[in-house]
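The structure under discussion appears below in the form of structure tokens.
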Amino acid sequence: MDQKDFKIDTLSEFFTKKFQVTLTQREPINHDSYMFRFDFKNPKERLGMQAVQHIKIYGLNMKGEIVDRAYTHIFEDDGYFLIPIKIYRPNVHPQFPNGGELTPWLEKLDLHSELTIKRCVGKLFYHNNQFIVRPKLNKTWQQFDTVLLICGGSGITPAYQLIKTICDNPNDNTKMVLLYANKTEQDIWLLKELNELQTKHKDQFTVHFTLDKSDENWKGLKGFVTLEMITSIFPKLTETTLGVLCGPKPMNKLVISLYEQLGLKKDNIVKF
Numbered sequence: 001m002d003q004k005d006f007k008i009d010t011l012s013e014f015f016t017k018k019f020q021v022t023l024t025q026r027e028p029i030n031h032d033s034y035m036f037r038f039d040f041k042n043p044k045e046r047l048g049m050q051a052v053q054h055i056k057i058y059g060l061n062m063k064g065e066i067v068d069r070a071y072t073h074i075f076e077d078d079g080y081f082l083i084p085i086k087i088y089r090p091n092v093h094p095q096f097p098n099g100g101e102l103t104p105w106l107e108k109l110d111l112h113s114e115l116t117i118k119r120c121v122g123k124l125f126y127h128n129n130q131f132i133v134r135p136k137l138n139k140t141w142q143q144f145d146t147v148l149l150i151c152g153g154s155g156i157t158p159a160y161q162l163i164k165t166i167c168d169n170p171n172d173n174t175k176m177v178l179l180y181a182n183k184t185e186q187d188i189w190l191l192k193e194l195n196e197l198q199t200k201h202k203d204q205f206t207v208h209f210t211l212d213k214s215d216e217n218w219k220g221l222k223g224f225v226t227l228e229m230i231t232s233i234f235p236k237l238t239e240t241t242l243g244v245l246c247g248p249k250p251m252n253k254l255v256i257s258l259y260e261q262l263g264l265k266k267d268n269i270v271k272f
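Under UniProt numbering, residues 1 to 272 are what the sequence shown spells out, in order.
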């Protein structure tokens with residue numbers, strides 16, 4: 001299919017219709033995260049979305065009110081998909097004394113319960129080596145030779161989806177450099193998968209990990225994301241460099257500022 005013939009209708013039923021899936025597995029990843037498996041009623045159905053599109057899950061907060069939150073799946077096959085989700089429990093995170101709006105409910109939801117989801121467009125659209133930045137406002141395809149990615153914690157999921165899609169496309173030579181920040185080594189999601197992608201596609205994809213807290217055996221970067229850190233690992237910018245980011249709100253604000261200090265144009269900076 002030619003790029004100009006590939007249309008994205010953000011108001012189509014594909015993106016507006018809510019539908020039910022069933023929670024069939026919830027396997028622990030670490031101390032505060034699980035891999036959730038959701039199954040369709042139809043064993044052949046798929047989400048069928050492009051890379052970097054996500055879903056909204058609807059559920060209940062502590063007051064019993066209906067709320068929704070956005071999540072990105074990392075794998076799908078006929079009839080089901082997988083999403084890693086970090087649980088914000090009450091009285092654990094100083095920023096969230098009451099816990100998350102939705103995740104405490106998801107952690108306690110009985111297996112084989114049905115819940116409502118909806119497909120969402122997202123801020124970046126990728127198809128066959130080209131991108132549309134902010135597809136709700138813009139319909140112009142652009143090619144980026146290099147994609148820089150800075151992610152924190154659970155913000156890795158949309159980046160992983162994009163990285164894997166590009167690596168899996170033999171006709172796409174886009175270079176990607178990821179900086180992935182976490183509190184501790186235990187908090188890193190998709191460590192094995194990211195390292196395997198780097199090994200298999202070493203001319204195309206590089207990943208750097210940085211930790212707030214590490215022991216003497218840690219061989220990666222240390223500390224918060226800084227201008228000095230990103231200058232040391234990112235290639236020289238060109239007109240066709242895209243900078244993407246996804247993480248906690250305070251980190252996102254910092255990263256946008258760092259990208260601008262690095263010299264990226266605002267139009268070429270996208271928060272997933």
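Think of the CB as a built atom: it goes at the ideal place given N, C-alpha and C, for glycine as much as any other residue. In this text, all values refer to a predicted model and were calculated from it rather than measured experimentally.
Practice task
Please confirm whether residue 197 and residue 164 have their CB atoms less than 8 Å apart.
Solution key: When the beta-carbon positions are compared, residue 197 and residue 164 come within less than 8 Å of each other.
Practice task
List the residues that DSSP assigns as beta-bridge partners of residue 69.
Solution key: Residue 69 has 57 as its beta-bridge partners, per DSSP.
Handout entry: For residue 166 and residue 177, the rounded distance between their alpha carbons
Key = Note on geometry: alpha-carbon atoms of residue 177 and residue 166 lie some 12 Å from one another.
Practice task
Could you spell out the range, first to last residue, of the beta strand (DSSP E) harbouring residue 227?
Solution key: Note, residue 227: premise wrong, no beta strand (DSSP E); alpha helix (DSSP H) at 227-233.
Practice task
Return the first residue and the last residue of the beta strand (DSSP E) that residue 51 is part of.
Solution key: Element bounds for residue 51: n/a, residue is neither H nor E.
Exercise for the section: Locate the beta strand (DSSP E) running through residue 27, then write down its first and last residues. Expected result: Note, residue 27: beta strand (DSSP E), 18-30.
Problem - Start and end residues, alpha helix (DSSP H) containing residue 130 - result: Note, residue 130: premise wrong, no alpha helix (DSSP H); beta strand (DSSP E) at 130-133.
Problem - Helix, strand or coil at residue 185 [DSSP, three-state] - result: If DSSP states are grouped into helix, strand and coil, residue 185 belongs with the helices.
Problem - Between the CA atoms of residue 101 and residue 83 - distance to the nearest angstrom - result: So the alpha carbons of these two residues sit roughly 18 Å apart.
Practice task
Could you have a look at residue 39 and say whether DSSP puts it in helix, strand or coil?
Solution key: Strand, per DSSP.
Problem - Segment contact, 8 Å Cβ cut-off, at least three pairs: the stretch 108-116 with the stretch 10-26 - result: The answer is yes - the stretch 10-26 touches the stretch 108-116, with three or more Cβ pairs under 8 Å.
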